[in-house]
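Residue numbers (this note's numbering): 167 to 559. What follows is a single structure, written as structure tokens, with notes after it.
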């Protein structure tokens with residue numbers, strides 16, 4: 167449970183118990199005093215009515231201090247949580263003024279109010295589109311950095327990060343540099359896949375943004391592209407110098423098993439389970455055994471849109487076991503409510519995108535899910551070596 171929810175639950179329980187105690191003592195003033203206090207949980211030690219009111223008050227003041235500390239810890243925990251947002255922005259290039267205005271409203275909503283420090287975008291059409299999106303973000307270039315390179319494809323991928331986020335090794339996985347100094351898409355990916363190593367607070371990770379081919383809904387074609395990405399990731403994990411915290415974000419044009427609407431379509435798990443490196447492992451009792459390289463898909467809800475209605479479970483975060491067991495905030499991944507998109511569309515009479523944004527929360531400092539202190543996994547500065555150690559050829 168979220169620390170803030172725990173603190174709130176404790177507070178409500180405390181107030182109820184304090185009111186009952188006040189009634190039992192028959193002292194209205196004491197009950198009112200208790201009701202106005204921010205107290206922690208009242209244990210059975212407060213049940214003895216033979217104790218003096220002074221003793222009761224002393225113990226409650228101690229509990230007040232304890233609760234105040236809990237509240238401070240909960241606030242600190244909330245401040246240490248940041249969000250990664252992923253969104254297919256549908257051929258984002260030269261925009262009509264109405265569509266540009268709608269995205270400006272959404273940018274403010276997502277980054278300022280949802281603690282999004284990292285944005286992974288798909289279908290950025292060109293440099294013009296990339297510059298426009300960057301300018302529309304709250305604070306523009308003064309607050310955000312972009313990692314984008316235009317290619318021969320009209321649906322490129324890119325990152326936009328707040329200035330506080332450290333970014334290195336941002337590059338394509340497969341795209342080829344051409345004679346003119348530009349980039350052509352590779353046969354392995356219709357829409358060039360982009361990766362970067364990032365650090366937010368004490369949490370560092372490798373983020374990959376991708377947009378798998380659609381091919382008229384042919385999930386076999388999407389799955390073949392995913393296999394090439396997973397082969398790259400196998401090589402990546404082969405070398406212990408590479409960061410085991412890995413997050414894949416984007417439009418996969420494939421569903422999870424839980425999000426599938428047709429048994430005839432290939433799912434993400436169908437592809438992932440073909441690679442022993444990424445498979446889930448269990449003990450003799452059938453309990454999941456933590457595994458750094460396991461890949462776990464987090465979003466099962468519909469995310470694509472057709473004529474304004476949500477339709478297919480295409481957009482995902484897939485995280486390595488190391489992220490899942492240490493920094494991922496459980497239950498935080500999912501689509502942004504459609505009402506946000508619809509409000510912007512209604513206000514400006516324009517269709518924004520055929521996908522909902524998705525977001526997920528991660529811990530950037532403090533204690534991780536495994537009880538250990540969150541710290542950097544990257545061994546040595548990447549500037550002193552090649553960004554990605556390939557491992558197996």
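Every residue, glycine too, gets a C-beta built ideally from N, C-alpha and C. These numbers come from a predicted model, not from an experiment.
Does the beta-carbon of residue 465 have 16 or more other beta-carbons within 10 angstroms, so that it is buried, or is it exposed? Counting the other CB atoms within 10 Å of its CB gives residue 465 a total of 16 or more, which places it among the buried residues.
Quick one: grab the DSSP three-state call for residue 339. coil
For the beta strand (DSSP E) holding residue 351, just list the boundary residues, first then last. Segment: none, residue 351 is in no beta strand (DSSP E) and carries neither H nor E.
Cβ atoms of residue 391 and residue 373: under 8 Å apart, would you say? no
Could you say which of 410, 330, 329, 313 lies nearest to residue 338 if we only look at CA atoms? The residue with the shortest Cα to Cα distance from residue 338 is 313.
Residue 486, enclosing alpha helix (DSSP H) - first and last residue: From DSSP, residue 486 is part of no alpha helix (DSSP H) but of the beta strand (DSSP E) over 481 to 486.
In DSSP terms, what residue 501 is bridged to: 524
Residue 330 burial status per 10 Å Cβ neighbour count (16 or more: buried): Exposed.
Can you have a look at residue 427 and say buried or exposed, based on whether 16 or more other CB atoms are within 10 angstroms of its CB? exposed
Backbone secondary structure at residue 380 - three-state DSSP: coil
With a CB to CB cut of under 6 Å and the five nearest residues on each side skipped, what residues in its chain are close to residue 507? 518
How should residue 202 be labelled, buried or exposed, when 16 other C-beta atoms within 10 angstroms of its C-beta is the threshold for buried? At residue 202 the pLDDT is 42, less than 50, meaning the model places this residue with poor confidence and gives no usable figure here.
Just how far apart, CA to CA, sit residue 460 and residue 446? 6 Å
For residue 501, collect the residues of the same chain with a Cβ closer than 6 Å to its Cβ; drop the 5 residues on either side in sequence, then sort them by chain order. 467, 469, 522, 524
Which residue or residues does DSSP assign as beta-bridge partners of residue 493? Residue 493 is not bridged to any residue.
Spatial distance of residue 206 from residue 536 (CA atoms): Because residue 206 carries a pLDDT of 39, less than 50, the predicted location of this residue cannot be relied on, and no value is offered for it.
Return yes when the C-beta of residue 307 is under 7 Å from any heavy atom of the ligand SAM, and no when it is not. Although the ligand SAM was asked about, the structure shown includes no ligands whatsoever.
Count the other CB atoms within 10 Å of the CB of residue 283; is the residue buried (16 or more) or exposed (fewer)? buried
Alpha helix (DSSP H) runs wholly inside the stretch 423 to 456, at least 4 long, in chain order: 434 to 438
Considering only C-alpha positions, which residue in the set 229, 504, 483 is nearest to residue 474? With distances taken between Cα atoms, residue 474 lies closest to 504.
Three Cβ pairs or more, each shorter than 8 Å: is that satisfied between the stretch 321 to 329 and the stretch 294 to 310? With a cut-off of 8 Å, the stretch 294 to 310 and the stretch 321 to 329 count as touching, because enough Cβ pairs lie within range.
Spatial neighbours of residue 425 in its chain, beta-carbon cut-off 6 Å, leaving aside the 5 residues before and after: Around residue 425: 466, 479.
Is there a Cβ of chain E sitting closer than 8 Å to that of residue 553, yes or no? Protein chain content of the structure displayed is limited to a single chain, and chain E is not contained in it.
Once you ignore the five residues that flank residue 482 on each side, which residues in its own chain have a CB closer than 6 Å to its CB? 418, 463, 465
Could you have a look at residue 512 and say whether DSSP puts it in helix, strand or coil? helix
Under the three-state DSSP convention, the category residue 306 falls into: Three-state result, residue 306: helix.
Mind checking residue 421: buried by the 16 CB within 10 Å criterion, or exposed? buried
If distances are taken between C-alpha atoms only, which option among 353, 400, 323, 342 comes closest to residue 375? Residue 323 is the option with its Cα nearest to residue 375.
Nearest neighbour of residue 267, chosen from 299, 256, 294, 292 [CA to CA]: 299
Assign residue 472 to buried or exposed, taking buried as 16 or more other Cβ atoms, counted over all protein chains shown, within 10 Å of its Cβ. exposed
What separation, rounded to the nearest whole angstrom, lies between the Cα atoms of residue 492 and residue 414? 16 Å
DSSP beta-bridge partners of residue 363: 334, 372
Return the chain-ordered list of same chain residues with a C-beta closer than 7 Å to the C-beta of residue 341, the five sequence neighbours on each side being excluded. 317, 349, 350, 351, 352, 358
My output table needs one value for residue 385: the three-state DSSP class, helix, strand or coil. DSSP, read as helix, strand or coil, puts residue 385 in helix.
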